[in-house]
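Working notes for the structure below.
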Amino acid sequence: MSNLSLWQQAAQDIHWYQAPECVLDDSNPPFYRWFADGTTNACYNALDLQVEEGRGEQDALIYDSPVTDTKRRYTYAELLDEVARFAGVLAGQGVGKGDRVIIYMPMVPEALIAMLACARLGAVHSVVFGGFASNELAVRIDDAAPRAIVSASCGVEPTRIVPYKPLLDAAIDLAEHKPDSCIILQRPMQEAELQAGRDLNWAEAMASAEPVACVPVAANDPLYILYTSGTTGQPKGVVRDTGGSIVALKWSMKNVYDTDPGDVYWAASDVGWVVGHSYIVYGPLFNGSTTVIYEGKPVGTPDPGAFWRVISEYGVKVMFTAPTAFRAIKKEDPEGKYLKQYDLSCLQSLFLAGERCDPSTLSWAQDKLGVPVIDHWWQTETGWPICSNCLGIELLPIVPGSPARPVPGYDVQVLDENGEQMPAGEIGALVVKEPLPPGTFTTLWNAEDRYVSAYFSRYPGYYETGDAGYIDDNGYIFVMARTDDVINVAGHRLSTGAMEEVLADHPDVAECAVVGVADVMKGQLPLGLLVLNAGVERSADEIVAESIQQMRDRIGPVAAFKLCAVVERLPKTRSGKILRGTMRSIADGEPWKMPATIDDPTILEEITATLRELGYADPSAATVQ
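1 is the number of the first residue of the sequence shown in UniProt numbering; add one for each residue after it.
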């Protein structure tokens with residue numbers, strides 16, 4: 001089936017007020033427009049249509065919060081009522097089609113309700129992590145210029161309560177743009193002071209709200225803006241259109257994840273990430289499935305059996321999370337003792353994404369769960385998978401280290417620095433031939449020039465993913481590292497991902513990171529940091545020595561691997577991505593900026609001390625921007 005025929009057929013599976021006659025407008029590359037003459041509404045497809053088709057009494061949403069000891073279920077009919085009334089609240093504050101609304105919320109049902117209410121009105125939501133620093137939130141307020149902000153009094157972490165309202169107030173003070181109103185969900189753990197004339201109490205506003213109907217929007221009208229950190233430090237506002245998103249996400253639920261209406265699908269992520277947008281909120285609901293919002297952690301809420309409890313309790317068929325979550329579980333419970341306490345017969349597959357899944361984690365998950373474990377690859381910009389084993393089409397052989405082959409709609413290629421095709425098995429820049437399929441980003445908010453320069457200028461006719469890898473003789477893609485994580489050791493281009501694979505194979509290593517650090521003689525040297533499994537009693541020096549020898553045996557002397565240390569933990573974003581670029585800058589004594597999405601800033605102090613012990617991170621050279 002041709003690309004256009006595939007999406008023409010997929011578009012027939014969603015609700016249109018006006019069905020599109022034009023499948024693809026390719027008159028202005030790289031600004032391709034899918035279904036340009038169609039009109040639809042994302043909230044209608046997610047809720048109203050499901051109720052009309054007889055799923056009103058089926059669970060749409062399950063909320064499970066071990067950090068607050070709360071559980072709640074919403075049927076499709078109940079969720080539709082909540083969303084329609086909150087859309088009425090927003091409309092009462094002057095929010096209409098095309099207006100922006102920032103949502104700054106914890107992992108609670110109201111976050112999902114606010115997103116869908118925006119979509120109902122044709123307003124453009126921009127979700128920012130609850131607890132995000134005030135200055136970073138202010139940057140997003142100024143860029144998106146929201147008419148309203150939806151937030152909560154606090155977030156709840158396993159060991160502390162995070163007051164959101166003071167952070168929000170400080171951000172508004174910092175921002176040049178001022179929202180007309182803020183709607184605040186008061187949580188009983190810590191209520192917030194509301195500012196007269198600007199702030200509304202969520203519960204009070206909902207009590208008197210009238211439900212509103214869906215507003216038809218053009219297929220290419222934006223559904224949302226999602227900010228992703230840019231290399232310049234300025235966040236990039238990825239814009240997702242409405243029609244393409246509905247078509248692609250609904251298609252992916254069956255074809256990629258083999259999920260049917262009525263199935264329970266759990267993406268253990270956060271609505272602040274693209275995974276949360278695509279596969280906590282929109283994808284499962286477009287598909288008539290049941291989605292799970294989980295306010296907790298893989299370990300510590302209360303133990304490494306947390307995920308297994310949720311799967312067993314709610315009959316989860318398909319789970320999607322990040323490899324880092326499984327590394328955390330494996331670190332605390334390497335033998336899988338907690339897993340044996342639960343009946344997981346409902347689980348049919350596990351999908352992993354967010355960063356490269358090392359083969360040892362994949363093997364552990366396969367062994368313990370006994371179901372297909374699918375490593376798949378995609379990005380904030382693409383909105384849904386680029387490469388995956390598509391369970392709804394055909395289960396291909398699972399090859400550790402590879403997210404299998406490109407998903408229908410994506411033409412993935414490997415190019416060298418001159419834009420020439422690389423031979424099979426050789427590392428180069430992973431790119432996608434234009435046009436990108438529906439549901440991918442259509443531009444950057446207020447930054448069309450940057451959209452072109454950042455993604456489409458280096459390799460004309462291709463989308464530059466920023467990832468490096470290769471394609472083997474069987475057409476399997478191997479994503480080895482970010483392009484700037486491919487290091488040059490004495491003229492040899494080496495993948496840090498391949499080195500991490502070697503280190504992760506050590507039986508005592510729970511997770512690891514390899515970064516390239518500057519070296520006068522060789523240009524760069526690889527530096528390895530190891531986090532050990534819980535309960536390991538052997539000396540760190542012994543494990544380091546074995547790891548260095550393992551690297552020499554597997555990669556060879558060419559890697560010049562001799563810098564290695566054991567650390568308590570690695571610095572990560574809240575989605576679990578290891579902050580390799582930041583560690584590299586610290587090691588090389590270059591200026592660096594505290595990443596806005598970092599999970600715990602104190603970890604960088606520990607890492608800096610370790611790097612200094614290894615002879616790097618010169619305190620006189622490093623400055624923080």
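We put the beta carbon where it would ideally sit given N, CA and C, even for glycine.
Residue i, DSSP secondary structure in three states
i	result
residue 153	coil
residue 49	helix
residue 422	coil
residue 529	strand
residue 367	helix
residue 553	helix
residue 118	helix
residue 339	helix
residue 42	helix
residue 629	The requested residue 629 does not occur in the structure, where the chain is confined to residues 1 to 625.
residue 276	helix
residue 16	coil
residue 584	helix
residue 251	helix
residue 405	coil
residue 510	strand
residue 388	coil
residue 622	Residue confidence is low: residue 622 scores 47 on pLDDT, short of 50, so the model does not pin down where it sits. Its coordinate-derived value is still stated next. Here residue 622 sits in coil by DSSP.
residue 232	A caution first: residue 232 carries a pLDDT of 45, below 50, which makes its placement in the model unreliable, though a value can still be read off. In the structure shown, residue 232 sits in coil (DSSP, three-state: anything other than H, G, I, E or B).
residue 330	helix
residue 539	coil
residue 494	strand
residue 246	helix
residue 33	strand
residue 398	coil
Among the options, the one whose alpha carbon lies nearest that of residue i
i	options	result
residue 345	534, 371 and 125	371
residue 514	475, 540 and 571	571
residue 486	85, 225 and 500	500
residue 84	198, 215 and 35	215
residue 412	495, 206 and 388	388
residue 478	386, 420 and 592	386
residue 228	502, 604 and 126	126
residue 519	544, 560 and 531	560
residue 323	347, 401, 446 and 289	401
residue 540	558, 552 and 508	508
residue 273	104, 307, 36 and 343	104
residue 224	99, 310 and 206	99
residue 90	218, 115 and 66	115
residue 25	313, 4, 399 and 611	4
Delimiting residues of the alpha helix (DSSP H) encompassing residue i
i	result
residue 602	602–613
residue 86	76–92
residue 461	Looking at the DSSP string, residue 461 is not in any alpha helix (DSSP H), and its letter there is neither H nor E.
residue 307	306–314
residue 344	Where residue 344 is concerned, there is no enclosing alpha helix (DSSP H), given that its DSSP letter is neither H nor E.
residue 137	134–144
residue 480	Counting along the chain, residue 480 falls outside any alpha helix (DSSP H), though it belongs to the beta strand (DSSP E) covering 477–482.
residue 205	202–207
Delimiting residues of the beta strand (DSSP E) encompassing residue i
i	result
residue 283	Segment 283–286 is the alpha helix (DSSP H) holding residue 283; no beta strand (DSSP E) there.
residue 29	From DSSP, residue 29 is part of no beta strand (DSSP E); its letter is neither H nor E.
residue 237	236–241
residue 266	264–267
residue 451	Here residue 451 belongs to no beta strand (DSSP E); instead the alpha helix (DSSP H) covers 448–455.
residue 3	Looking at the DSSP string, residue 3 is not in any beta strand (DSSP E); the run it does join, the alpha helix (DSSP H), is 3–11.
residue 225	222–228
residue 104	100–104
residue 375	373–375
residue 565	563–566
residue 488	486–489
residue 444	441–444
Per DSSP, the bridge partner or partners of residue i
i	result
residue 414	430
residue 579	Answer by DSSP bridge pairing: none, since residue 579 is not bridged.
residue 319	266 and 350
residue 517	525
residue 165	Answer by DSSP bridge pairing: none, since residue 165 is not bridged.
residue 63	72 and 293
residue 190	187
residue 182	149 and 199
residue 467	482
residue 126	102
residue 572	578
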